[in-house]
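Novice: Below is the structure I would like to discuss, written out as structure tokens.
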């Protein structure tokens, strides 16, 4: 974003200075929750509500997720299992949950 | 007199039970960086697994042709005057060989095929065949329940394994695909006691072991 600075002559804008603005890409103003990935893979997920792209770098990695995307995330699970009671194993756990 | 009739030796005898094992165990694999569930147990044994978020336990699914073997070096003590008086043996490694018929999910299969880490972006999963990571070791735990009613089971646990050998994927018509040549070689783990350096075997049977 650029900012124009007025000169002594109010009738003319002559100088343009760049202005650095730091933006937190995932700071949507909504509360977020940390999710930890339980699968041994690199995972890219697009938030179902916000459209934010989240990336986990492997099992145990933690990412802040906008709370609006949490319900859909928590439904993500391996649903077909060959052992262990055929219980769907979730992709994510809530950190501290 | 009974010993004469049956040929049974006299004295202290330890006979075997009429319990037989059949079928393959379930095989679980976990990164060697994880610690076993029992680390160690009250008897000093290291075994079983506890999946963590960082080190999930991976199950190898539909298996066939499972066998366990070992490699040892043997050298006879040959005395030129009397012949072989003994054979010196040392264990080199233990090997679990199997054929895998479950291919999914790919994050499990890629470990068997020594592929790269899986990247998942819905609806796809991908991994590469590149150079093999020789620094990757796995724990292997293979329990087999032989009495479902009473929950009696045996298990093998190997501390430090690698997938070795070249895989072959058979793709027959009318039969399930198979990954053959899957070999988990258990190496000596010098962080474990010498008596269980490669691994251990156990049995849990509350009706017999009391």
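Chains as they are written, first to last, in this note's numbering: chain G, 4 to 100; chain Y, 462 to 671.
Where a beta carbon is used, it is the ideal one built from N, C-alpha and C, also for glycine.
Unbroken alpha helix (DSSP H) runs of length 4 or more, entirely within the segment 542-576 of chain Y: which are they?
Specialist: 567-573
Novice: If I measure Cβ to Cβ from residue 570/Y and keep anything under 7 Å in the same chain, skipping five residues before and after, which residues do I get?
Specialist: 564
Novice: For residue 43/G, count neighbouring Cβ atoms within 10 angstroms of its own Cβ and tell me buried if that reaches 16, exposed if not.
Specialist: buried
Novice: Considering only residues of the same chain and omitting the five flanking positions on each side of residue 551/Y, which have a CB-CB separation below 8 Å?
Specialist: Taken in chain order, the residues that qualify are 533 and 534.
Novice: Counting only beta-carbon separations shorter than 7 Å, does residue 483/Y have a partner in chain G?
Specialist: no
Novice: Here's a check: name, in chain order, each residue in its chain whose Cβ is nearer than 6 Å to the Cβ of residue 628/Y, leaving out the five neighbours to either side.
Specialist: 574, 640 and 642
Novice: For the beta strand (DSSP E) containing residue 73/G, list its first residue and its last residue.
Specialist: It is not in any beta strand (DSSP E) - residue 73/G instead sits in the alpha helix (DSSP H) that spans 73-77.
Novice: Check distances from the C-beta atoms of the segment 29-46 of chain G to those of chain Y and list, in chain order, the residues that come in under 9 Å.
Specialist: Of all residues in the segment 29-46 of chain G, those with a C-beta nearer than 9 Å to a C-beta of chain Y are 39, 40, 41, 42, 43, 44, 45 and 46, reading in chain order.
Novice: Taking 7 Å as the threshold (C-beta atoms), are residue 621/Y and residue 650/Y in contact?
Specialist: yes
Novice: Of all the options 592/Y, 653/Y and 637/Y, which has the alpha carbon lying nearest to the alpha carbon of residue 497/Y?
Specialist: Minimum Cα-Cα distance from residue 497/Y among the listed residues 592/Y, 653/Y and 637/Y corresponds to 653/Y.
Novice: Please name the residues in the segment 50-66 of chain G whose beta-carbon is closer than 7 Å to at least one beta-carbon of chain Y, in chain order.
Specialist: 61, 62 and 63
Novice: DSSP three-state label for residue 36/G, please.
Specialist: strand
Novice: Hey, does residue 514/Y have any beta-carbon neighbour from chain G nearer than 7 Å?
Specialist: Chain G has a Cβ within less than 7 Å of the Cβ of residue 514/Y.
Novice: Would you tell me roughly how many angstroms separate the C-alpha atoms of residue 69/G and residue 36/G, rounded to the nearest one?
Specialist: 6 Å
Novice: Say whether chain G places a C-beta atom closer than 7 Å to the C-beta of residue 517/Y.
Specialist: Residue contact with chain G for residue 517/Y: present (Cβ-Cβ distance below 7 Å to some residue of chain G).
Novice: Mapping the DSSP letters down to three states, classify residue 5/G as helix, strand or coil.
Specialist: Unreliable positioning characterises residue 5/G in this predicted model, as indicated by a pLDDT of 46, which lies under 50. The coordinate reading is nonetheless provided below. Residue 5/G: strand per DSSP, three-state reduction.
Novice: Within 8 Å, do at least three Cβ pairs link the segment 488-504 of chain Y to the segment 588-602 of chain Y?
Specialist: yes
Novice: Rounded to the nearest angstrom, what separates residue 582/Y and residue 91/G at their Cα positions?
Specialist: Cα to Cα, the separation comes out at about 19 Å.
Novice: Please compile the residues from chain Y whose C-beta is within a distance smaller than 9 Å of the C-beta of residue 68/G.
Specialist: Chain-order list of chain Y residues neighbouring residue 68/G: empty, with the shortest C-beta distance near 15 Å, by a criterion of under 9 Å.
Novice: Could you work out which residues of chain G lie near residue 530/Y, taking near to mean beta carbons separated by less than 9 Å?
Specialist: Those within 9 Å of residue 530/Y in chain G number zero; the least Cβ separation is about 24 Å.
Novice: Going by DSSP in three states, residue 509/Y sits in which element: helix, strand or coil?
Specialist: coil
Novice: With a threshold of 7 Å between beta-carbons, can residue 478/Y be considered close to chain G, or not?
Specialist: no
Novice: Taking 7 Å as the cut-off, decide whether the C-beta atoms of residue 647/Y and residue 617/Y are in contact.
Specialist: no
Novice: Hey, residue 48/G and residue 71/G: beta-carbon distance below 7 Å or not?
Specialist: Cβ atoms of residue 48/G and residue 71/G: not closer than 7 Å.
Novice: Are the segment 553-560 of chain Y and the segment 525-532 of chain Y touching, with three or more C-beta to C-beta distances below 8 Å?
Specialist: When Cβ pairs closer than 8 Å are counted between the two stretches, the segment 553-560 of chain Y is seen to touch the segment 525-532 of chain Y, the count reaching three or more.
Novice: For the segment 559-579 of chain Y, list every residue whose C-beta sits within 9 Å of some C-beta in chain G, in sequence order.
Specialist: 563, 565, 566, 567, 568, 569, 571, 572, 578 and 579
Novice: Between the beta-carbon of residue 524/Y and the beta-carbon of residue 567/Y, is there less than 7 Å?
Specialist: no
Novice: Just to confirm the assignment, what range does the beta strand (DSSP E) spanning residue 664/Y have?
Specialist: 660-665
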